[in-house]
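Numbering (the UniProt record's numbering), first residue to last: 1 to 183.
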Amino acid sequence: MENYLNGIDDKILKKAAKIKLLITDVDGVLTDGGVIYDDHYLELKKFNVKDGLIVKVLQKHGVMVGAITGRNSPVVRSRCKELGFDFHYHGIKDKGVQLREVLDEYDLSLEECAYIGDDLIDLPILCKVGLSVAPMDALPYVKEEVDMVSSLPGGRGVFREVGDLILSSKGLLKKIIKELIEK
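Written out as structure tokens, the structure reads:
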């Protein structure tokens, strides 16, 4: 697990260690950004189960998890509920305002918040939070504004990578793995 942190800038690790809330966009982060409609206009999306698995682990170790997404999609609502996100807001056009409301509600600072986003609508949050991350395939001008660019494209485990980073930076991931192995 120590190898996992090799190559990650100390500045990023210090920021990650302060995180108490991980918020994500959905399309382009939890999914590859594609939308499939069937003949009945039913929307389908593909999610990565590895992203979902880390939600409960983060929460168990004091990191809240939420989503702020610009689209209003029933399948995304269902996925967020299924994963047990602490909150999820849909159809949000001004994500910066929504972020402020979330931080006020949970009495958290910007420094204690991480956000993963990939597009223009995410910039008002990405430029303010304590740790900002973009998927590898985010738009170039978004990647220029974040603390870290994931090694993975959207829909391929970006959320998991950031969750593991946060847990590792707090010295928790090795302990979690050891506990699971010794069960």
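Positions of the beta carbon are idealized from the N, C-alpha and C atoms, including for glycine.
TODO: Name the one or two DSSP bridge partners that S132 has.
DONE: Y115
Open item on the list: Helix, strand or coil, according to DSSP, for I8 in the structure here?
Closed with: coil
Task: At least three beta-carbon pairs within less than 8 Å, the region 20-28 to the region 66-82 - done: yes
Open item on the list: So if DSSP puts H88 in a beta bridge, which residue, or which two residues, is it bridged to?
Closed with: According to DSSP, residue pairing for H88 in a beta bridge involves A67.
TODO: Determine the closest residue to C127 out of G66, D147, L108, with distance taken between C-alpha atoms.
DONE: D147
Task: Buried versus exposed call for K93 [16 or more other C-beta atoms within 10 Å across all chains shown] - done: Exposed.
Task: Inside the region 152-177 only - alpha helix (DSSP H) runs reaching at least 4 residues - done: Entirely contained in the region 152-177, the alpha helix (DSSP H) runs reaching 4 residues are, in chain order, 158-169.
Task: Where D164 falls, given that 16 or more other Cβ within 10 Å makes a residue buried - done: buried
- [ ] Return the residue from the list G52, G70, R71, S132 that minimises the CA-CA distance to F85.
- [x] G52
TODO: Taking all protein chains shown into account, decide if Y115 is buried (16 or more other Cβ within 10 angstroms of its Cβ) or exposed.
DONE: buried
Open item on the list: I need the straight-line Cα distance from F87 to M64, nearest angstrom please.
Closed with: 9 Å
Open item on the list: On a Cα-Cα basis, can you pick out the residue from G7, K46, E105, L21 that is closest to G157?
Closed with: Check the Cα spacing between G157 and each of G7, K46, E105, L21: the tightest is with K46.
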